[in-house]
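Before any comments, here is the structure.
Protein chains in written order, with our numbering: chain A, 1226 to 1526; chain B, 7 to 154.
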């Protein structure tokens, strides 16, 4: 069946494989929907289409306007979150040509819906990247981690670039950071979320940055269940666990990684511990984490 | 000599608790000059998008709240002429930034602020005005009135 020509994207659910989205002079053939892993299941994101530029044959991601507001809980802190296409359009304009952000352009369809035409960032996301590193921790620590941390600093500097211009990434997660295949750069994707944490405007971005560091330094995440149920890997560590060793916002995520891997230097572990229940001092800005990380890289490696 | 007191005020239980605490303090009321200050913070693009109508109505609603607070201070015995209301509409990213900026422009003998009990997770994610003031504000005593 011949696909339709779409100039009004309001009903994004109905836009499907074979349809052509027309924006001004440009046409994009839809080839499918993007998917997101949730609770171990892949769910289609109907407002995010896979497409091909009909003129050039180049593969693109097309994000259509989907406005949603919801409340989410981090520990017992309640935060209002928004999906904001306008913000992502502004950020795309701001980071045009920046090597550490996904690239693309924003347009409006005939009904004023904001459409973002995005270049695909090729590579594994940081969660997968760490998961598939098949080396012992001591080899990882001495041979790979220094370079990973230097690249993380670059990615964090990119977040600082946004914060200084009063934008948040909005959804900093390990799977929203792509290890770009061609350059090796760590590239941020997906910045259409925003949130309201008034006295700490960048609080959730900072928390997300902490999770990236914890994943990196720990060569993956370590939870209380895994530590308890895998004595071969974790030995007697479970006898030495305290409440204060775990994440302030995710009570099962182990933060005090030096207990698992004694080779982790104290200054590096101290950075992680800012995100633990035991901490009395929290990071409030990308700047503070970058400063501590750079100091640590300079003195340790 | 008059004592100059800055009360950071919003429409909250903790602000009212701070006001009540101030009212019960053994002060020479005639010698106190009180500023009831409300800081409006700059909305992000998203907040403007989601709550434009609400944002537009806020100044008028807050003025009523501040006038009620002033009445309460007068009931406590403070001189109406010595109680000022100020709404800072400046481009402040956070309330603490607004108070700090205000204190740099005008001298106060004490800053009074209410603080709702927060969990560590709430403090981490949402931030805490009183903690930031304690950290950053130099040369001014800060009175934090804690509530549940």
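Positions of the beta carbon are idealized from the N, C-alpha and C atoms, including for glycine.
Asked	Found
In terms of residue numbering, what span does the alpha helix (DSSP H) encompassing residue 1494 (chain A) cover?	1491-1498
Where does residue 1440 (chain A) sit, in a helix, a strand or coil, going by DSSP?	helix
Note the first and the last residue of the continuous alpha helix (DSSP H) segment covering residue 1248 (chain A).	Run containing residue 1248 (chain A): none in the alpha helix (DSSP H); it sits in the beta strand (DSSP E), 1245-1248.
Do residue 1449 (chain A) and residue 1479 (chain A) have their C-beta atoms closer together than 8 Å?	yes
Report the rounded CA-to-CA distance for residue 1305 (chain A) versus residue 1423 (chain A), giving the unit in angstroms.	10 Å
Can you pull the chain A residues whose beta carbon is under 7 Å from the beta carbon of residue 128 (chain B), in chain order?	1301 and 1302
Buried or exposed: residue 105 (chain B), going by 16 or more other Cβ atoms within 10 Å of its Cβ?	buried
Could you pull the DSSP bridge partners for residue 1251 (chain A) from this structure?	A:1248
Taking the DSSP output, what are the residues bridged to residue 1608 (chain A)?	Residue 1608 (chain A) is absent from the model: chain A starts at 1226 and stops at 1526.
Going along the chain, which unbroken runs of the alpha helix (DSSP H) with 4 or more residues stay wholly within the stretch 1458-1525 of chain A?	1491-1498 and 1511-1525
When you compare the CB of residue 1254 (chain A) with every CB in chain B, is at least one pair closer than 8 Å?	no
Candidates B:135, B:123 and B:117: which alpha carbon is nearest residue 145 (chain B)'s?	B:117
The beta strand (DSSP E) that contains residue 102 (chain B), what's its start and end?	First-last for residue 102 (chain B): 101-111, but that is the alpha helix (DSSP H), not the beta strand (DSSP E).
With DSSP collapsed to three states, give me the class of residue 1428 (chain A).	helix
Going along chain A in order, which residues have a C-beta closer than 9 Å to the C-beta of residue 29 (chain B)?	Residues of chain A passing the Cβ test: none, with the nearest at roughly 26 Å.
According to the Cβ coordinates, are residue 19 (chain B) and residue 1429 (chain A) closer than 8 Å?	no
Does residue 132 (chain B) come within less than 8 Å of chain A when only Cβ atoms are used?	yes
In terms of residues, what are the limits of the beta strand (DSSP E) holding residue 46 (chain B)?	38-47
Check the DSSP bridge columns for residue 1411 (chain A) and list the partner residues they point to.	A:1404
Tell me the DSSP bridge mates of residue 1342 (chain A)?	A:1287 and A:1330
Tell me whether the stretch 1226-1243 of chain A and the stretch 1279-1292 of chain A touch, counting them as touching only if at least three CB pairs, one residue from each stretch, are closer than 8 Å.	yes
With respect to the alpha helix (DSSP H) encompassing residue 1373 (chain A), which residues constitute its N-terminal and C-terminal limits?	1370-1389
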